[in-house]
Amino acid sequence: MIVVLSGSNRPEAHTRRISQVVRDKLAAAGAEVALLDLQELPPGVFEPTSYGAPPPAFLPWKRAILEAHGLVTVVPEYNGSFPGALKYFVDLLDFPASLKGLPTAFVGLAAGEWGGLRAVEQLELVYQYRQAHLFGTRVFIRRVQDALAPEGGLRDAALEARLDALARGFVAFCRQLRT
Ligand SMILES: Cc1cc2nc3c(=O)[nH]c(=O)nc-3n(C[C@H](O)[C@H](O)[C@H](O)COP(=O)(O)O)c2cc1C
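The number in the numbering used here is simply the position in the sequence shown, starting from 1, with 27 added.
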């Protein structure tokens, strides 16, 4: 199972729509896929007591990451970095088991010109610290508000092709690391 993690809890986030596109492309590449969307985190998760004892509703989230064979994180740029909610989510995962040895890939997006490059590269440092295996191909989506077609896909065929290539390459990367 490859998990696609939609890395913002902002209502109406473009990140969710891009995550759905990525999920569909991974499925087309032959993977079993699940989408985890930070918008759906149970509210109790944000209580300070969660560091010691996350609410029971968070356990399926932790389990999904622990049992994943691959993780694609879709990362929007907030203030030149990735969202605080995404870091908080990572902070609540079991250490060190959750990300250690896990194949991981990244898709960045932003309203601005840099397409989430800063956000992805900063998150890569965190995943590297957690000893994940980072896939070298990343996709960055600039001016994301113009990139999405009203019916759900992407307007730009070249961008579609880059995401297709990422999906195919990452599915192969996950298989290689499992054998
Ligand atoms: C708190 C916040 C900070 C943001 N900071 C940046 C930024 O530093 N650079 C940028 O290009 N866009 C920035 N944006 C715009 C997001 O990139 C934009 O909302 C985009 O659609 C991706 O995020 P979304 O999933 O929330 O829609 C910011 C948005 C929010 C909500």
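Note that beta-carbon positions come from the ideal geometry of N, C-alpha and C, so glycine has one too.
Could you compute how far the alpha carbon of VAL60 sits from the alpha carbon of THR76? Looking up residue 60 in the sequence shown gives position 33. Looking up residue 76 in the sequence shown gives position 49. Cα to Cα, VAL60 sits roughly 31 Å from THR76.
So the candidates are PHE85, PHE162, SER33; which of them puts its Cα closest to the Cα of GLU151? On the sequence shown, residue 151 is found 124 positions in, with the first residue counted as 1. It is PHE162 whose Cα lies nearest to the Cα of GLU151.
Once you ignore the five residues that flank ARG43 on each side, which residues in its own chain have a CB closer than 6 Å to its CB? Numbered from 1 along the sequence shown, position 16 holds the residue referred to as residue 43. Hits under 6 Å: SER33, ASP64.
Tell me whether ARG182, by its Cβ, gets closer than 7 Å to a heavy atom of ligand 1. Your numbering for residue 182 matches position 155 in the sequence shown. In this structure, the C-beta of ARG182 stays at least 7 Å away from each heavy atom of ligand 1.
Helix, strand or coil, according to DSSP, for VAL97 in the structure here? Reading the sequence shown from its first residue, position 70 is the one you call residue 97. It should be pointed out that residue 97 corresponds to Gly in this sequence rather than to Val. Strand at GLY97.
Is LEU136 near ligand 1, with its Cβ less than 7 Å from a heavy atom? For this step, residue 136 is matched to residue 109 along the sequence shown. In this structure, LEU136 has its beta carbon less than 7 Å from a heavy atom of ligand 1.
Could you name the residues that DSSP lists as bridge partners for GLY57? Translated into the one-based positions of the sequence shown, residue 57 becomes position 30. Partner(s): none; GLY57 has no beta bridge.
Alpha-carbon spacing of LYS114 relative to PRO177, whole angstroms: Residue 114 sits at position 87 when you count from the first residue of the sequence shown. Residue 177 sits at position 150 when you count from the first residue of the sequence shown. Their backbone Cα atoms lie some 30 Å apart in a straight line.
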